[in-house]
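Trainee: There's a structure below that I have some questions on.
In the UniProt record's numbering, the protein residues as written are 1 to 111.
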């Protein structure tokens, strides 16, 4: 039983560190609180997040591989990626999207 308590405490400590480091925000906590009754919903939400995020990252890579980068397209993809992260409360990724936005607005590919 002590091992279970230790694991639970490690989990709590880990989540606390993610919040304090700015990796997660309250939206993530709201999703966590849905509980067992909404497990299927949370599972589907996470599956959609990973699918959408992977597609966005692939599309960004493709856009930047073009000889002439279409910055409007890059903007649209970055906004979509930002929205994906916002829905789950993944703050650090949103911060990266904001930084990324300033780079592509100035057409700074090295950003």
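Ideal placement from N, C-alpha and C gives every residue a C-beta, glycine not left out.
Flag this pair as yes or no: are the beta carbons of residue 75 and residue 104 separated by less than 8 angstroms?
Mentor: For this step, residue 75 is matched to residue 75 along the chain shown. For this step, residue 104 is matched to residue 104 along the chain shown. Yes. Within cutoff.
Trainee: In whole angstroms, what is the alpha-carbon distance linking residue 102 and residue 41?
Mentor: Position 102 of the chain shown holds residue 102. Position 41 of the chain shown holds residue 41. Straight-line Cα distance between these residues: approximately 34 angstroms.
Trainee: Measure how close the beta-carbons of residue 28 and residue 89 come, nearest whole angstrom, since I'm counting them as under 8 angstroms.
Mentor: As a first step, residue 28 must be located in the chain shown, where it is residue number 28. As a first step, residue 89 must be located in the chain shown, where it is residue number 89. Taking a contact as a CB-CB distance under 8 angstroms, the pair residue 28 and residue 89 counts as one, their CB atoms being some 3 angstroms apart.
Trainee: Judging by CA-CA distance, which residue of 23, 69, 85, 20 is the nearest neighbour of residue 106?
Mentor: Here residue 106 corresponds to residue number 106 of the chain shown, with the count starting at 1. With distances taken between Cα atoms, residue 106 lies closest to 69.
Trainee: Which class does residue 74 belong to by DSSP, given the choice of helix, strand or coil?
Mentor: Taking the chain shown and counting its residues from 1, the one referred to as residue 74 is at position 74. If DSSP states are grouped into helix, strand and coil, residue 74 belongs with the helices.
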